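Have a look at the structure below before the remarks.
There are 2 protein chains.
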Amino acid sequence: MMITLTEENYIKAIYHLGKLGTANVSTNAIAKEMETKASSVTDMVKKLSEKAYVDYKKYQGVSLTEKGKAIAVNIVRKHRLWEVFLVEKLNFLWDEVHDVAEQLEHIKSPKLIDELDAFLNFPTHDPHGDPIPDKDGNFSKLDKVKLSKVAVGETCTCVGVEDSSSAFLKYLDNHKIALGSKIEVIAIEPFDESVTILINASKLNISKHVSNNLFVRTN
Amino acid sequence: MMITLTEENYIKAIYHLGKLGTANVSTNAIAKEMETKASSVTDMVKKLSEKAYVDYKKYQGVSLTEKGKAIAVNIVRKHRLWEVFLVEKLNFLWDEVHDVAEQLEHIKSPKLIDELDAFLNFPTHDPHGDPIPDKDGNFSKLDKVKLSKVAVGETCTCVGVEDSSSAFLKYLDNHKIALGSKIEVIAIEPFDESVTILINASKLNISKHVSNNLFVRTN
DNA sequence: AATAATTTTTAGATAACTCTAAAAATATAT
DNA sequence: ATATATTTTTAGAGTTATCTAAAAATTATT
Ligand SMILES: [Mn+2]
Ligand SMILES: [Mn+2]
Ligand SMILES: [Mn+2]
Ligand SMILES: [Mn+2]
């Protein structure tokens, strides 16, 4: 009847994995994402199917039903709003919020999340640049592109990260690259595809990995 | 090794029950408080004893160890700080906060609760007038007394509630009785011990039950 | 002090979630 | 197409927390 914390985490994992492609989400992919065993996933997926959160046929992987998707989007909404709260109000750094948000996203209160949303002035994006769905589950579209796709000579604004690992975020901090930073692409090294950029009025060379994990909006 | 949510709830229940008297807390009392069965309590109490959160001897009830008490006080701290947050920042009424705080009190983050404390300006009391322990577990003392103990002619300030049920709190709201309200005791009816008070510049008669569940500070 | 009533503990089961190891199905390679 | 490799599912078992029913201990009553 009532949805458990574990079920919510599975639904969220299936949601995120489902966005990566068009095919059904495989048992192994879920197992990897959840750091659990494939046999455990099979058991849970059967239960989620019984509860109509996913469509499942043996050996064919799963996909979220509308009911399941609505739950996933609401969890994502809560996760990202809490991340904003932690950074904006409680002095957390953007690499410190994820684990706490993982817990807070499961708090159940009809009123809490909408009041939090209002308290934060209805933010559209979280500290990593990821969009926050509104009450009805609608995402604000923002056409962002990877910095690695920006041509030499173009100017752009940093709006998000693909990789939100602490290691990557700390690298960005150390080099004063933040959401909102203006970046001009000066040169792309043909050899290793590293990119020389102009940021904060100084030149910086970043690796392909970095340029490939930074989202920007071209002006 | 790690403490579970259920263990935390048992420890908190034992803490609250332990404050009511000097004797050990009985299995049945815990069962009633937790809305569970005595046999379940016995099982859990054994586990808590193994983990050194409580002292327990068969048939003799339990009491918290120092380790257990520290955990209980920290949960109380979190519960009450979250209640302040909900009322002060998210427009919750004082009768709406308890269930959400019951969930939020289990969020584990070294940084979160201390930042929240600072964000709220280190409040000493929650929306029901209950004291909030500081980081080190120390409670701010406030000598409050039940309104039913105040003599005729005396003036006092409402500082807390004994009963924090939604029904009682809504009654207080309806009669404009809030924390901080100035109250003068006009008369005590010998027959039913109802009390006539002067509050907000008008007279009001309240039952013994009400006067017995309102804490005041005499000026 | 013996009996009755109450409280507490044990015994045995169940539900949710997990695991390892083995079997079955599917996908890949020859 | 057949054999091989990989993926997925099943079978069986362990853990945590719960329950009912029965046994044991404690407390209250006569
Ligand atoms: Mn996150
Ligand atoms: Mn994020
Ligand atoms: Mn409360
Ligand atoms: Mn309270």
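Chain order of the listed sequences is A and B. For the first sequence, the residue numbers in the numbering used here are 1 to 219. For the second sequence, the residue numbers in the numbering used here are 220 to 438. In this text, a Cβ means the ideal position worked out from N, Cα and C, and glycines have one as well. The structure displayed is predicted, hence computed values, not measured ones.
#### Entry: ligand 2 heavy atom lying under 7 Å from the CB of residue 262 (chain A)
A question about residue 262 (chain A) goes unanswered here, because the residues of chain A that appear run from 1 up to 219.
### Closest by C-alpha distance to residue 224 (chain A), when choosing among A:151, A:168, A:78, A:182
For chain A, the structure presents residues 1 to 219; residue 224 (chain A) sits outside this window and is missing.
#### Entry: From B:363, B:262, B:339, residue whose alpha carbon lies closest to that of residue 461 (chain B)
This structure leaves residue 461 (chain B) out entirely; chain B is present only between 220 and 438.
### Query
Taking Cβ positions, are residue 361 (chain B) and residue 299 (chain B) nearer each other than 8 Å?
Within the second sequence, numbered from 1, the residue matching residue 361 (chain B) stands at position 142. Within the second sequence, numbered from 1, the residue matching residue 299 (chain B) stands at position 80. Cβ distance not < 8 Å, so residue 361 (chain B) and residue 299 (chain B) don't count as in contact.
### Message
For ligand 2, I want to know if residue 128 (chain A) counts as a neighbour, meaning its beta carbon is within less than 7 Å of at least one of the ligand's heavy atoms.
### Response
Taking the first sequence and counting its residues from 1, one reaches residue 128 (chain A) at position 128. Answer for residue 128 (chain A): yes, Cβ within range of ligand 2.
### Query
So, does the CB of residue 295 (chain B) fall closer than 8 Å to a CB anywhere in chain A?
For the purposes of this step, residue 295 (chain B) is taken as the residue at position 76 of the second sequence. So no, residue 295 (chain B) is outside the interface.
### Message
At 4 residues or longer, what runs of the alpha helix (DSSP H) sit wholly inside the stretch 13-40 of chain A?
### Response
27-34
### Query
Name the residues in the stretch 392-409 of chain B whose C-beta lies less than 9 Å from a C-beta of chain A; which are they?
none
### Task
Consult DSSP for residue 157 (chain A) and reduce its assignment to one of helix, strand or coil.
Indexing the first sequence from 1 puts residue 157 (chain A) at position 157. Residue 157 (chain A) falls in the strand class under three-state DSSP.
### Message
To the nearest angstrom, how far is the alpha carbon of residue 249 (chain B) from that of residue 273 (chain B)?
### Response
Taking the first residue of the second sequence as 1, we reach residue 249 (chain B) at position 30. Taking the first residue of the second sequence as 1, we reach residue 273 (chain B) at position 54. Taking the straight line joining both Cα atoms gives about 13 Å.
### Query
Under 8 Å Cβ-Cβ, which residues of chain B neighbour residue 109 (chain A)?
What you label residue 109 (chain A) is simply residue 109 of the first sequence in a count that begins at 1. Simply 318, 319, 322.
### Task
Would you mind sorting residue 363 (chain B) into buried or exposed? The rule is 16 or more other CB atoms within 10 Å of its CB.
Numbered from 1 along the second sequence, position 144 holds the residue referred to as residue 363 (chain B). Label assigned to residue 363 (chain B): buried.
### Query
For ligand 1, any of its heavy atoms closer than 7 Å to the Cβ of residue 8 (chain A)?
As a first step, residue 8 (chain A) is located in the first sequence; it is residue number 8 there, counting from the start. No, since every heavy atom of ligand 1 falls outside the 7 Å radius drawn around the Cβ of residue 8 (chain A).
### Query
Between the stretch 221-240 of chain B and the stretch 258-269 of chain B, do at least 3 Cβ pairs fall closer than 8 Å?
yes
### Task
Taking 8 Å as the cut-off, decide whether the C-beta atoms of residue 331 (chain B) and residue 100 (chain A) are in contact.
As a first step, residue 331 (chain B) must be located in the second sequence, where it is residue number 112. As a first step, residue 100 (chain A) must be located in the first sequence, where it is residue number 100. Against a cut-off of 8 Å, the Cβ pair of residue 100 (chain A) and residue 331 (chain B) comes out as a contact.
### Query
Distance, Cα to Cα, residue 448 (chain B) vs residue 367 (chain B)?
With chain B represented from 220 up to 438, any question about residue 448 (chain B) goes unanswered, as that position is not in the structure.
### Query
Do we get a CB-CB distance below 8 Å when we pair residue 389 (chain B) with the residues of chain A?
For the purposes of this step, residue 389 (chain B) is identified with residue 170 of the second sequence, where counting begins at 1. Not closer than 8 Å to any Cβ of chain A, the Cβ of residue 389 (chain B) fails to qualify, so no.
### Query
Are the stretch 412-419 of chain B and the stretch 338-353 of chain B touching by the rule of at least three beta carbon pairs closer than 8 Å?
no
#### Entry: Any chain B beta carbon closer than 8 Å to residue 96 (chain A)
Taking the first sequence and counting its residues from 1, the one referred to as residue 96 (chain A) is at position 96. It does; some Cβ of chain B falls within 8 Å.
### Message
Which residues in chain B have a C-beta closer than 7 Å to the C-beta of residue 219 (chain A)? List them in chain order.
### Response
Here residue 219 (chain A) is taken as the residue at index 219 of the first sequence, counted from 1. Under the 7 Å cutoff, chain B gives no residues; its nearest Cβ is about 35 Å from residue 219 (chain A).
### Message
At 4 residues or longer, what runs of the alpha helix (DSSP H) sit wholly inside the stretch 65-110 of chain A?
### Response
66-90, 98-104
### Message
Could you check whether residue 62 (chain A) and residue 233 (chain A) sit closer than 8 Å to each other, using their CB atoms as the reference points?
### Response
It is not possible to answer for residue 233 (chain A), since the shown part of chain A is limited to 1 through 219.
### Task
Compare the Cα-Cα distances from residue 317 (chain B) to each of B:382, B:397, B:257, B:401 and report the closest residue.
Numbered from its first residue, the second sequence carries residue 317 (chain B) at position 98. The option with the nearest alpha carbon to residue 317 (chain B) is B:382.
### Task
Taking only runs that begin and end inside the stretch 115-178 of chain A, name each unbroken beta strand (DSSP E) of 3 or more residues, in chain order.
155-161
### Query
From which residue to which residue does the alpha helix (DSSP H) around residue 432 (chain B) run?
Locating residue 432 (chain B) in the second sequence gives position 213, counting from the first residue. Element bounds for residue 432 (chain B): n/a, residue is neither H nor E.
### Task
Please work out which residues of its chain come closer than 7 Å, Cβ to Cβ, to residue 358 (chain B), disregarding the five sequence neighbours upstream and downstream, and give them in chain order.
On the second sequence, residue 358 (chain B) is found 139 positions in, with the first residue counted as 1. Excluding positions up to five away in sequence, the list reads 350, 352.
### Query
Would you say residue 308 (chain B) reaches chain A, if we count a Cβ-Cβ gap shorter than 8 Å as a contact?
Walking along the second sequence from the start, residue 308 (chain B) turns up at place 89. With 8 Å as the cut-off, residue 308 (chain B) counts as an interface residue toward chain A.
### Message
At the level of alpha carbons, what is the spacing between residue 374 (chain B) and residue 398 (chain B)?
### Response
To locate residue 374 (chain B), count along the second sequence from 1; it is residue 155. To locate residue 398 (chain B), count along the second sequence from 1; it is residue 179. About 14 Å.
### Task
Using a Cβ cut-off of 9 Å, pull out every chain A residue sitting near residue 334 (chain B), in sequence order please.
To locate residue 334 (chain B), count along the second sequence from 1; it is residue 115. Per Cβ cutoff of 9 Å: 86, 89, 90, 91, 92.
### Message
Are the CB atoms of residue 82 (chain A) and residue 127 (chain A) within a distance shorter than 8 Å?
### Response
Position 127 of the first sequence, counted from the first residue, corresponds to residue 127 (chain A). Position 82 of the first sequence, counted from the first residue, corresponds to residue 82 (chain A). No.
### Task
Answer yes or no: does any C-beta atom of chain B fall closer than 8 Å to that of residue 119 (chain A)?
By 1-based counting over the first sequence, the position of residue 119 (chain A) is 119. It does: the Cβ of residue 119 (chain A) has a partner Cβ on chain B nearer than 8 Å.
### For residue 158 (chain A) and residue 190 (chain A), the rounded distance between their alpha carbons
Taking the first sequence and counting its residues from 1, one reaches residue 190 (chain A) at position 190. Taking the first sequence and counting its residues from 1, one reaches residue 158 (chain A) at position 158. Residue 190 (chain A) and residue 158 (chain A): Cα-Cα distance of roughly 23 Å.
### Task
Please find out if some non-hydrogen atom of ligand 6 comes closer than 7 Å to the beta-carbon of residue 299 (chain B).
This structure lacks ligand 6; the ligands present are ligand 1, ligand 2, ligand 3 and ligand 4.
### Coarse secondary structure for residue 4 (chain A), derived from DSSP in three states
The sequence position of residue 4 (chain A) within the first sequence is 4, counting from 1. Looking at residue 4 (chain A) - three-state DSSP - the assignment turns out to be coil, as it is neither helix nor strand.
### Message
Check for me: the beta strand (DSSP E) holding residue 55 (chain A) runs from which residue to which?
### Response
Looking up residue 55 (chain A) in the first sequence gives position 55. Looking at the DSSP string, the run of the beta strand (DSSP E) that includes residue 55 (chain A) is 54-56.
### Query
Out of A:184, A:204, A:68, which has the shortest C-alpha to C-alpha gap to residue 171 (chain A)?
By one-based count along the first sequence, residue 171 (chain A) stands at place 171. The option with the nearest alpha carbon to residue 171 (chain A) is A:204.
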